[in-house]
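Note sheet for the following structure.
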Amino acid sequence: MRMKATILAGTVIVATAMTGSVLPAAAQDSIYVPLFTYRTGPFSGSGIYIAEGMHDYLEMLNQRDGGIGGVKIAIEECETGYDTKKGLECYESVKDKKPVVVNPWSTGITLPLIPRASVDKIPVLSMAYGLSASAVGDTFPWIFNPPATYWDGASMILSYIGSKEGGLDKLKGKTIGYIYLDAGFGKEPIPFFEQVSKDYGFNLKLYPVAATDMQNQSSQWLNVRRDRPDYMVMYGWGALQPTAVKEAAKINFPMDKFISIWWPSEDDAAAAGDAGKGFKSLNWHAVGANFPALQDIKKFVTDKNLTQTDKSHPGKVLYNRGVYNSMLIAEGIRNAQKLTGKKVVTGEDVRRGLETLNVDEARLKEIGLGGFTGPVKLSCADHNGHFATFMQEWDGTKWAKIGGDIKPMADKVNPLLAAAAKDYTDKNGNWPKRTEACDKAS
Amino acid sequence: MFYREAGQFKTTYQADQAVFPILQDRIGLALILLGAFALIPLMASDFFISVIMIPFLILALATMGLNILTGYTGLLSLGTGGFMGVGAFACYKLTTLYPGINIVVWILVSGFFSTALGIVFGLPSLRIKGFYLTVATLAAQFFLDWSFIRVQWLTNYNTSGAIEVPTRTLFSMPVTGPNATPQFRYLVILSIVTLLTWFASNLVHGRIGRMWMAVRDMDLAAELIGIPLYRTKLLAFAISSYYCGVAGALMVFFWYGSAEPGVFNIDQSFTILFMVIIGGLGSLTGSFFGAALIYGLPIVLKIVLHGVGINILPATVEHVTFMSVGALIVLVLIIEPLGLARLWQITKQKLRVWPFPY
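As they're listed, the protein sequences go chains A and B.
Here this note's numbering runs 2 ahead of the position in the first sequence, where the first position is 1.
So that you can map any letter, position 319 of the second sequence is 304 in this note's numbering, and since no number is skipped, the others follow by simple counting.
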């Protein structure tokens, strides 16, 4: 008898799974926004902050304004663990519920979604990660990666180093080391670095760190000690970053010459204690919770325990990054509502909304993020914007902004982007031509 | 009562030695095939096909490959992920170099590249056994993993270091790429897996399979009765790698649609090994059971917990999955070291005498 019950239970499970009926259907009167997050695994150290920030901002809009334009946002998290396999599973499970936008939060998950986006009519927002070439909107109408690509980031780091040295021409004969996660993400800027190292005559040393060895970088840093680079540049994520900071401190590498792309969190920088002072990273938004929108998150979400966010997290750099990501989603949806006049928008509408996105200073102030970040304006041809960022320095307790805006080297980056986009379409055979019409900016 | 072989008389040796000697088994198999080929593509949702069935079949194929080596021949290997990667990258290179030839042909051919590498890394298997051989295959895994990341020729010098699957057609319908329907991809995979399973079943039930099992049970005795050890072991490596290679190519072309080199890391090898152990060493049916359980459990867990209205956080499900899979492996090893396949056999045995057990 027991066996019969087991078989019965099994059949029920399979049957329900087959029909997919247990998945909560998105109601018609809400806008479905799935969030691909990772609160587990080796990358959770970074992922938790992002997940919390993304969720809380949208939840705050739901609680305070009743959603966007009066329509509730149906938020659903899907755990990817930064694993491509699970990311694709998440994508498949949310696809039928008509999401208006997906945020893969992993370059590895973004890549397989790029060709699918135009088929499934779901725009992909890979905010400052993913395929750099997807900034070319004419080739990739469904992919958005504002506010800057990894190549822009690399060029901004280089400009900063140049300004330190008194001009880019002073880089001749210097050595710049590049330590990176040996995956799609970390490899992206290498063509750029190779190009500029030829142009400016500096030596480039590469120190790849495999994803499995993120916590064991002693051999890389032994090489750093031998090569004595004048500057170190890092493209890391998850456990790679605190380890690198610790190792750099261990070999007494001058921290003020250790510069990272925009991903280190406070925890990463603090890993080496006081020895980490002077460590730098790029950023494009403020840290701290002293903004009306973040105060509203506290008032409407965290204080009411409507989230699992740790009370100490809001205001941290990666939390704010998540908020920024959700701000883009929300503004994209709002813009789509304005464009179409519809309340409940679809993925196609949000694609148009993102393409004509124009969040200026006044708008930022309106949504309670005045002074939080610079304006964002996208166009059909440019899905990235290539906006300026600034350098921030770890002072031992928090990230402090140093210096003004650094602009990307458009003359170096843009030809590479165009070439990469062309290369991508060539390799993919019959890449579909853009058929989506271009809207006038609203 | 229903599962009884009384009255089924065998009049020839051939009938007695059939893979499925009992009529009910044959009917069951026919029903499963009918369901898999006809019912699922017609009735099931896209989600069920692309998230559950496609990965299950591909993983089952890889598990079968490792089972030939580990379960039938007794050679423990941790290089499965690497061999799968060889198949995937070979298929990618072949189809980008010769786009005119059908992708299914290349999928089946790419397995031979894995075979070649499998033979090379299988060479030490005559001299070393057990743990030492495991370490040698581990070296293969690390070497291949390293090559996928570093040898840019393999990815056609893509800046992202990943391979992207171009659209390919079969019977002038897209079978890979974003426009391929899950149903069509599923049917192609199912055909390949069915074909290879049938082939493997014939292998393990025939002379070669007996040679493998003799080597597994006691290699010295096998040698004494005239089984050439070296050739037998290398053959196991070759065929096992072929299956893994085809599975890897299917995985990238029909499931992921693009692959970072990290996909074929050591974790992949371990996952497949767990599937072999849970499913049952030395059983083809077990390969399917193992793949279904280890891959399907987290998904079913998620759906069931959601379905009964427990609003559990996705991260918690992840933790629960990790713990339950770990516990499951330990439990299976304690309760039934021969895996789910053995449990299935016991079930069948019990069913035959039900409801009057003796």
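Positions of the beta carbon are idealized from the N, C-alpha and C atoms, including for glycine.
Bear in mind that the values here come from a model prediction, so they are computed numbers and not experimental data.
Closest by C-alpha distance to residue i, when choosing among the options
{"i": "residue 394(A)", "options": "332(A), 159(A), 222(A) and 148(A)", "result": "159(A)"}
{"i": "residue 241(A)", "options": "269(A), 233(A), 289(A) and 257(A)", "result": "269(A)"}
{"i": "residue 233(A)", "options": "244(A), 215(A), 254(A) and 218(A)", "result": "254(A)"}
{"i": "residue 56(A)", "options": "101(A), 100(A), 91(A) and 105(A)", "result": "105(A)"}
{"i": "residue -10(B)", "options": "-2(B), 5(B) and 109(B)", "result": "5(B)"}
{"i": "residue 89(A)", "options": "297(B), 244(B) and 314(B)", "result": "244(B)"}
{"i": "residue 216(A)", "options": "225(A), 307(A) and 182(A)", "result": "182(A)"}
{"i": "residue 236(A)", "options": "41(A), 317(A) and 281(A)", "result": "281(A)"}
{"i": "residue 226(B)", "options": "334(B), 26(B), 49(B) and -8(B)", "result": "49(B)"}
{"i": "residue 231(A)", "options": "261(A), 185(A), 59(A) and 359(A)", "result": "261(A)"}
{"i": "residue 211(A)", "options": "202(A), 226(A) and 198(A)", "result": "226(A)"}
8 Å Cβ cutoff, residue i in contact with chain B
{"i": "residue 24(A)", "result": "Any reading at residue 24(A) must be qualified, since the residue scores a pLDDT of 41, below 50, and its modelled position is unreliable; the value itself is stated next. Yes, residue 24(A) lies at the interface with chain B (some Cβ there is under 8 Å from its Cβ)."}
{"i": "residue 428(A)", "result": "no"}
{"i": "residue 83(A)", "result": "yes"}
{"i": "residue 136(A)", "result": "no"}
{"i": "residue 54(A)", "result": "no"}
{"i": "residue 432(A)", "result": "yes"}
{"i": "residue 353(A)", "result": "no"}
{"i": "residue 79(A)", "result": "yes"}
{"i": "residue 214(A)", "result": "yes"}
{"i": "residue 206(A)", "result": "no"}
{"i": "residue 133(A)", "result": "yes"}
C-beta neighbour in chain A for residue i, strict 8 Å
{"i": "residue 241(B)", "result": "yes"}
{"i": "residue 164(B)", "result": "yes"}
{"i": "residue 10(B)", "result": "no"}
{"i": "residue 134(B)", "result": "yes"}
{"i": "residue 152(B)", "result": "yes"}
{"i": "residue 245(B)", "result": "yes"}
{"i": "residue 341(B)", "result": "no"}
{"i": "residue 31(B)", "result": "yes"}
{"i": "residue 147(B)", "result": "yes"}
{"i": "residue 310(B)", "result": "no"}
{"i": "residue 35(B)", "result": "yes"}
Extent of the continuous beta strand (DSSP E) run through residue i
{"i": "residue 36(A)", "result": "32 to 39"}
{"i": "residue 179(A)", "result": "177 to 183"}
{"i": "residue 80(A)", "result": "74 to 81"}
First and last residue of the uninterrupted alpha helix (DSSP H) at residue i
{"i": "residue 295(A)", "result": "294 to 299"}
{"i": "residue 340(A)", "result": "319 to 342"}
{"i": "residue 304(B)", "result": "299 to 320"}
{"i": "residue 167(B)", "result": "167 to 190"}
{"i": "residue 346(A)", "result": "That residue, residue 346(A), is in no alpha helix (DSSP H); it is neither H nor E in DSSP."}
{"i": "residue 132(B)", "result": "115 to 135"}
{"i": "residue 382(A)", "result": "Taken as a continuous stretch (DSSP letters only), residue 382(A) belongs to no alpha helix (DSSP H), as it is neither H nor E."}
{"i": "residue 377(A)", "result": "Segment: none, residue 377(A) is in no alpha helix (DSSP H) and carries neither H nor E."}
{"i": "residue 280(B)", "result": "269 to 292"}
{"i": "residue 12(B)", "result": "8 to 19"}
{"i": "residue 332(B)", "result": "324 to 338"}
{"i": "residue 188(A)", "result": "186 to 189"}
{"i": "residue 343(B)", "result": "Run containing residue 343(B): none; DSSP gives neither H nor E here."}
{"i": "residue 54(A)", "result": "46 to 67"}
{"i": "residue 88(A)", "result": "86 to 97"}
{"i": "residue 102(B)", "result": "88 to 107"}
Open item on the list: At 4 residues or longer, what runs of the alpha helix (DSSP H) sit wholly inside the region 24 to 80 of chain B?
Closed with: 25 to 28 and 39 to 51
Open item on the list: Please give me, in chain order, every unbroken run of the beta strand (DSSP E) with length at least 3 that falls completely inside the region 384 to 439 of chain A.
Closed with: 391 to 396 and 401 to 408
TODO: Please list the segments of the alpha helix (DSSP H) lying wholly inside the region 191 to 238 of chain A, counting only runs of 4 or more residues, in order along the chain.
DONE: 192 to 202 and 220 to 229
- [ ] Would you list, in sequence order, the uninterrupted alpha helix (DSSP H) runs of no fewer than 4 residues that lie entirely inside the region 228 to 289 of chain A?
- [x] 242 to 252 and 268 to 272
Task: Positions along the region 104 to 129 of chain A whose CB lies within less than 9 Å of some CB in chain B - done: 109, 110, 113, 114, 115, 116, 117, 118, 119, 120, 121 and 122
Open item on the list: If the cut-off is 8 Å on Cβ atoms, which residues from the region 248 to 259 of chain B count as contacting chain A, listed in chain order?
Closed with: 248, 250 and 251
Task: Residues of the region 283 to 304 of chain B whose Cβ lies closer than 8 Å to any Cβ of chain A, in chain order - done: 284, 285, 288, 289, 291, 292, 298, 299, 300, 302, 303 and 304
Task: Segments assigned beta strand (DSSP E), at least 3 residues, entirely inside the region 202 to 266 of chain B - done: none
- [ ] For the region 87 to 99 of chain A, enumerate the residues whose C-beta is nearer than 8 Å to any C-beta of chain B, in chain order.
- [x] 87, 90, 91, 94, 95, 97 and 98
Open item on the list: Under 7 Å, CB to CB, which of the residues in the region 181 to 199 of chain A have a partner in chain B?
Closed with: 184, 185, 186, 189, 190 and 193
Open item on the list: Which runs of the alpha helix (DSSP H) at least 4 residues long sit entirely within the region 104 to 182 of chain A? Give them in chain order.
Closed with: 109 to 122 and 152 to 167
Open item on the list: Please identify, using Cβ separations under 9 Å, the residues of the region 78 to 103 of chain B that lie next to chain A, in order along the chain.
Closed with: 81 and 84
Open item on the list: Please list, in chain order, the residues of the region 303 to 330 of chain A that have any C-beta partner in chain B closer than 7 Å.
Closed with: 310
TODO: Determine which residues of the region 38 to 70 of chain A have a Cβ less than 9 Å from any Cβ of chain B, and write them out in chain order.
DONE: 39, 40, 41, 42, 43, 46, 50 and 53
Open item on the list: Tell me which residues of the region 230 to 249 of chain A have at least one Cβ-Cβ distance to chain B shorter than 8 Å, keeping chain order.
Closed with: none
Task: Contacting positions in the region 411 to 423 of chain A - beta carbon closer than 8 Å to chain B - done: 422
- [ ] Scan the region 156 to 173 of chain A for residues whose Cβ lies nearer than 7 Å to a Cβ of chain B and list them as they occur along the chain.
- [x] none
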